[in-house]
Amino acid sequence: MIKVRQVKVIGPDGKMLGVMPTEEALRKASEYNLDLVEIVPNERPPICKIIDYGKYLYRLKKKEKEAKKHQIGVHLKEVRFTSRIGENDYLVKLKHIRNFLEEGDRVKIVLRFRGREITHIEGGERVMKRIINDIQDIGKVEFGPKLEGRMYILQIVPLGKHRKKK
941 MIKVRQVKVI GPDGKMLGVM PTEEALRKAS EYNLDLVEIV PNERPPICKI
991 IDYGKYLYRL KKKEKEAKKH QIGVHLKEVR FTSRIGENDY LVKLKHIRNF
1041 LEEGDRVKIV LRFRGREITH IEGGERVMKR IINDIQDIGK VEFGPKLEGR
1091 MYILQIVPLG KHRKKK
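With the numbering used here as the guide, the letters of the sequence shown map in order to residues 941 to 1106.
Right under this line is the structure:
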């Protein structure tokens, strides 16, 4: 519903029809069997176009979908460690962390203590410090490492310059 008295009208062929009263613009739109759609409401007088309203809504939704498709999503990836991890296993998991950070994803590192390992927390601290040291060129610590129950949790975010396009 257009509430102003005068509008600037663009015809169905894209040509400017000029400034006219809203009633006259509505009559012209009905002559073409189309709708009068307010395109730029903030302008004085507002700019209206004589088009099919259904098509107009369809194009708007299509543009929104296209814009959404081109946004880069940031995901949270999780990598699990133990305090007694072997050297090769550590290197493989570190490689995964590096790949996630290069893709622009956040990484949550969970170090689980099983059984009596919880009494020797220093082993977990050693692994966490090593991870932080090994990824400092590509990511930075967002929070942690902190102990929650039987788990040490650390979250890492990528440095801006290392983001690759997917």
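All C-beta atoms in this analysis are idealised placements derived from N, C-alpha and C, irrespective of residue type, glycine included. From a predicted model like this one, the values you see are computed outputs, not experimental measurements.
**Request:** Note down, one range per segment and in chain order, each alpha helix (DSSP H) of at least 4 residues found wholly within the segment 1025-1086.
**Result:** 1027-1042 and 1061-1075
**Request:** Return the Cβ separation of Pro961 and Ile990 in integer angstroms, given the expectation that the two are a contact with Cβ distance under 8 Å.
**Result:** About 15 Å; that fails the 8 Å criterion.
**Unbroken alpha helix (DSSP H) run spanning Tyr972, endpoints** = That residue, Tyr972, is in no alpha helix (DSSP H); it is neither H nor E in DSSP.
**Request:** Mark Lys1003 as exposed unless 16 or more other C-beta atoms lie within 10 angstroms of its C-beta, in which case mark it buried.
**Result:** exposed
**Close beta carbons around Met1068, own chain, < 7 Å, minus the five adjacent residues each side** = Leu1051, Pro1085, Tyr1092 and Leu1094
**Asked** So does the segment 1011-1021 actually touch the segment 981-995, counting three or more Cβ pairs closer than 8 Å?
**Response** no
**Message:** Once the 5 residues before and after Met956 are set aside, which same chain residues still bring their CB inside 7 Å of it?
**Reply:** Ile950
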